[in-house]
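**Student:** Take a look at the following structure, please.
Printed below as a string of structure tokens:
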């Protein structure tokens, strides 16, 4: 399942309207097929892995990060059908598909055909892996990541606005990699004015992964090469966007937090003190300190050169 | 040497005018004596360890975090004399004593008496362990630790001033332990007005370790139970203080940073966002972002309940 989750990452940010699934087929201890959802959502991961496995799929075990789909589509056959036809003996899955067209029916069809099904293997990791698709299914909007790059005292710039550079080259490269994993990036007018030409993916081999560029502004109507929205909630209307990266500045970050629209926080911190600089956030509607607690859980932390990256997720206590 | 460094910690904040040294005496693989500088500076660590070892010191190895002293004092004999008289075969030391009355003469006396001397074992840790004494020797002032307790966005309070609580009970208990390791704690007028009754050590068994309370104020002249100083540099005049903990608020923290008087930064961070709150720092005299880099090195990080403690040291690039 670890290998399937890693393959699933390859599709992140490119598989809308489908989830980025990963699949590994193992027969007698050997990997005979690997697949991940391709750009645009087809082929599905299982179809790709079965194609690679060929007749080796017979009697094999398929590890897949999401329940195989149960519905025939104009774009291809149902994966549950493909797995049955290939003679797979066992399917190990991380998550049930919340899509109403599958929602347990994929598993039911496999079991009816005599295939052993194991559910809920590494489900939390799979949920994180397919956060875009699952947020779209559950909340009808993209999954939102907010990026902040600050000093130890929480400043995103000096008082005069200068912010080059707070973080070092490794942290900035990581931030570019994050851009490539989102269908859209969003900034406010101040960041647009300061940085518009730079809002691309500057990593070797990933230059073509430039995401849709979105401007949040209540005054600008139209901007060439940009999609303009007037309010944070309008992200729900962006076509083909299941993951959006909010890059700044402080007003935009605060507007998304105030609307409780941030699912994931990327906090890049440099080991410097600025003092009296521009704070990372403005008012986010907090009225009582006790209400600030229990909202953010750290899920990853790593060193990037001199800087530290911490990743937090919003605790939503959903069922 | 690790055991000697751990023993040395027991004296931290209580051995002025002497350094907090640790000593372990080992004979044939067994620890036969342990000592650390006692409150007020006497007995020295070596004297205590030799007293415990008795005749077992003959032919043994003494591990000591600082060069044994070479000078007779009205308060006791020189430790180098004691080690020679006890018949120790070998001395392993972490640091040379910068005190002009010893400064290599302790080692020279030991070697002249036929004792093998090994120098510079775990010197960096010993430097950190005796930071108060060494800062007093090198810079003529106490070693300064600045404590900040912030949200992820660098706020020390909400906009209305409320700050109870940002960090949780484990982080607050750790901060009290830090108080017990300093001879003095310093606050500004705002923190005094808000917190004066609470500026003590509230840990079982350590209630008596309450440090000297210092108020930084240019307007207040006299305050019962408090020592008042008018400017950060005046810490050099505080009697019996080799370690001072600067607790806040933002104006005091910024004044010490602007004067480049902070040697160590304790950063307690809670996993919360406040937004538009009181920033940890005001202007600290930074004129160019590039000058902010290379000043702070992380030396420790640990989880304290939900909160994270990071410890930074000022990089002074001294010889």
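Chains as they are written, first to last, in the numbering used here: chain R, 1 to 319; chain G, 1 to 319.
Each residue gets a CB set at the ideal place from its N, CA and C atoms; glycine is no exception.
Is there a C-beta anywhere in chain G that falls below 8 angstroms from the one on residue 255 of chain R?
**Tutor:** Judged by the 8 angstroms Cβ criterion, residue 255 of chain R is not in contact with chain G.
**Student:** Would you kindly work out how many angstroms separate the C-alpha atoms of residue 220 of chain G and residue 253 of chain G, rounded to a whole number?
**Tutor:** 18 angstroms
**Student:** Taking only runs that begin and end inside the stretch 137-211 of chain G, name each unbroken alpha helix (DSSP H) of 4 or more residues, in chain order.
**Tutor:** 169-180, 189-195
**Student:** Chain R partners of residue 280 of chain G, CB-CB under 7 angstroms?
**Tutor:** 153, 154
**Student:** Is any beta-carbon of chain R found at less than 8 angstroms from that of residue 231 of chain G?
**Tutor:** no
**Student:** Less than 8 angstroms between the C-beta atoms of residue 201 of chain R and residue 179 of chain R, yes or no?
**Tutor:** Residue 201 of chain R is a Cβ neighbour of residue 179 of chain R, given a cutoff of 8 angstroms.
**Student:** I need the straight-line Cα distance from residue 218 of chain G to residue 229 of chain G, nearest angstrom please.
**Tutor:** 7 angstroms
**Student:** Of all the residues that make up the stretch 126-153 of chain R, which are near chain G by a beta-carbon distance shorter than 8 angstroms?
**Tutor:** 148, 150, 151, 152, 153
**Student:** Measuring only the C-alpha atoms, how far is residue 293 of chain G from residue 169 of chain R?
**Tutor:** 13 angstroms
**Student:** Expressed to the nearest angstrom, what Euclidean distance is found between the alpha-carbon atoms of residue 270 of chain G and residue 22 of chain G?
**Tutor:** Distance from the CA atom of residue 270 of chain G to the CA atom of residue 22 of chain G, rounded to whole angstroms, is 35 angstroms.
**Student:** Please report the distance separating the alpha-carbon of residue 53 of chain R from that of residue 28 of chain R.
**Tutor:** 13 angstroms
**Student:** Would you say residue 212 of chain R reaches chain G, if we count a Cβ-Cβ gap shorter than 8 angstroms as a contact?
**Tutor:** no
**Student:** So, at 7 angstroms on beta carbons, what are the nonlocal neighbours of residue 223 of chain G in its own chain, with the 5 sequence-adjacent residues on each side left out?
**Tutor:** 215
**Student:** Nearest CA to the CA of residue 121 of chain R: which residue from R:259, R:308, R:290, R:3?
**Tutor:** R:3
**Student:** Distance, Cα to Cα, residue 44 of chain R vs residue 142 of chain R?
**Tutor:** 21 angstroms
**Student:** Reducing DSSP to helix, strand and coil, say where residue 79 of chain R ends up.
**Tutor:** helix
**Student:** If you compare alpha carbons, which of G:203, G:112, G:199, G:206 is closest to residue 212 of chain G?
**Tutor:** G:199
**Student:** Expressed to the nearest angstrom, what Euclidean distance is found between the alpha-carbon atoms of residue 111 of chain G and residue 251 of chain G?
**Tutor:** 52 angstroms
**Student:** Under the three-state reduction of DSSP, which class applies to residue 73 of chain G: helix, strand or coil?
**Tutor:** strand
**Student:** Suppose only complete runs of 3+ residues qualify. What are the beta strand (DSSP E) ranges in the stretch 242-317 of chain R, listed by chain order?
**Tutor:** DSSP runs (the beta strand (DSSP E)) wholly in the stretch 242-317 of chain R: 243-248, 264-269, 296-304, 307-314.
**Student:** Which residues in the same chain as residue 125 of chain R place their Cβ atom closer than 6 angstroms to its Cβ, once the five residues preceding and following it in sequence are excluded?
**Tutor:** 5
**Student:** Closest Cβ-Cβ distance between residue 273 of chain G and chain R: below 8 angstroms?
**Tutor:** yes
**Student:** Hey, out of G:107, G:63, G:162, whose CA is closest to residue 191 of chain G's CA?
**Tutor:** G:162
**Student:** Flag residue 263 of chain R as yes if its beta-carbon sits less than 8 angstroms from any beta-carbon of chain G, otherwise no.
**Tutor:** no
**Student:** Measure from the C-beta of residue 268 of chain R to each C-beta in chain G and report whether the shortest distance is under 8 angstroms.
**Tutor:** no
**Student:** Using C-beta distances below 8 angstroms, list every residue in its chain close to residue 395 of chain G, excluding the 5 sequence neighbours before and after it, in chain order.
**Tutor:** Outside the displayed range of chain G (1 to 319) lies residue 395 of chain G, so it cannot be described from this structure.
**Student:** At a CB-CB cut-off below 7 angstroms, which residues of chain G make contact with residue 283 of chain R?
**Tutor:** 275, 276
**Student:** Given a threshold of 16 other Cβ atoms within 10 Å of its Cβ, counted over all protein chains shown, does residue 280 of chain R qualify as buried or as exposed?
**Tutor:** buried
**Student:** Would you say residue 295 of chain R lies against chain G (beta-carbon separation less than 8 angstroms)?
**Tutor:** yes
**Student:** For residue 292 of chain G, decide whether its Cβ has a neighbour in chain R, counting only Cβ atoms nearer than 8 angstroms.
**Tutor:** yes
**Student:** Can you tell me whether residue 233 of chain G is buried or exposed? The criterion is at least 16 other CB atoms within 10 Å of its CB, across all chains shown.
**Tutor:** exposed
**Student:** Which residue spans inside the stretch 96-130 of chain G form an unbroken alpha helix (DSSP H) run of at least 4?
**Tutor:** 105-112, 123-129
**Student:** Classify residue 13 of chain G: buried if its beta carbon has 16 or more other beta carbons within 10 angstroms, exposed otherwise.
**Tutor:** Taking all protein chains in view, the Cβ of residue 13 of chain G is crowded by 16 or more other Cβ atoms within 10 Å, so the residue is classified as buried.
**Student:** Helix, strand or coil: which one does DSSP assign to residue 37 of chain R?
**Tutor:** coil
**Student:** Could you give the first and the last residue of the continuous beta strand (DSSP E) run that contains residue 27 of chain G?
**Tutor:** 22-27
**Student:** Per DSSP, what kind of secondary structure is residue 238 of chain R in: helix, strand or coil?
**Tutor:** coil
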